[in-house]
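*Asks:* What follows is a single structure, and I will ask about it in a moment.
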Amino acid sequence: MADNQMTLTFLAISENQAFARVAAAAFASQLDPTVAELTEIKTAVSEAVTNAIIHGYEGSEGDCFVTMNCSLLNRHIYIEIKDSGKGIPDIEQALEPLYTSKPEEERSGMGFTVMTEFMDDLQVESSPEGTIIKMSKKIL
């Protein structure tokens, strides 16, 4: 059972990336993290939400949403970013540094690499019905 948890659902628009980032940092602040730890959490959330918006929902019309679940347990923060977009066809390839499915948009292909470096654990689940990114970090 989590010590605390929250769920946010927001429109998959780029303006909400900053909202998700700040909300995750505010939630994590209960563990009294360092500035560096907060920065790492915010950056990882930013990358995950950006991926959901840009890659998951590319060209989609209508109401598309991203859901962020956060929980705290034993000085760990657990974060899930979910979308109902098109999914990732090859997760292994997507996790490779510098891989981008949108080279024409000058994407760096470093999103998953950043998440892996800044969080203690990263798991990616994907199907044609959407993607879930699960990350965790222990706050020392």
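Under our numbering, the residues of the sequence shown are numbered 1061 to 1200, in order. We put the CB at the ideal spot given by N, CA and C, even for glycine.
Helix or strand or just coil, what does DSSP make of PHE1116?
*Replies:* Inspection of the sequence shows that residue 1116 is occupied by Gly rather than by Phe. Helix at GLY1116.
*Asks:* Kindly indicate which residue of ILE1139, ALA1112, GLY1171 has the alpha-carbon position closest to the one of ALA1083.
*Replies:* Residue ILE1139 is the option with its Cα nearest to ALA1083.
*Asks:* Over the uninterrupted alpha helix (DSSP H) stretch that includes LEU1133, give me the two end residues.
*Replies:* Note, LEU1133: premise wrong, no alpha helix (DSSP H); beta strand (DSSP E) at 1125-1133.
*Asks:* Report the rounded CA-to-CA distance for MET1179 versus ILE1199, giving the unit in angstroms.
*Replies:* Going by the C-alpha atoms only, they are around 10 Å apart.
*Asks:* Suppose the cutoff is 7 Å on Cβ atoms and the five residues either side in sequence are ignored; what does the same chain contact list for SER1074 look like?
*Replies:* ILE1113.
*Asks:* Shortest alpha-carbon distance to SER1196 belongs to which of SER1186, ASP1143, LEU1155, SER1131?
*Replies:* Of the listed residues, the one whose Cα sits closest to SER1196 is SER1131.
*Asks:* Check whether the Cβ atoms of GLY1122 and PRO1188 sit closer than 8 Å, and answer yes or no.
*Replies:* No, these two residues do not count as a Cβ contact at 8 Å.
*Asks:* Roughly how many whole angstroms lie between the Cα atoms of GLY1190 and THR1110?
*Replies:* When rounded, the distance between both Cα atoms is 14 Å.
*Asks:* Looking at the unbroken beta strand (DSSP E) that takes in GLN1001, where does it start and where does it end?
*Replies:* Nothing about residue 1001 can be reported from this structure: the residues present for the chain run from 1061 to 1200 only.
*Asks:* HIS1136 to SER1120, Cα distance in whole Å?
*Replies:* If you take the alpha carbons of HIS1136 and SER1120, they lie about 35 Å apart.
*Asks:* Which residues bound the alpha helix (DSSP H) around GLY1190?
*Replies:* From DSSP, GLY1190 is part of no alpha helix (DSSP H) but of the beta strand (DSSP E) over 1190-1198.
*Asks:* If contact is defined by three or more beta carbon pairs under 8 Å, each pair taking one atom from either stretch, is the region 1167-1177 in contact with the region 1091-1110?
*Replies:* At 8 Å Cβ cutoff, the stretches touch.
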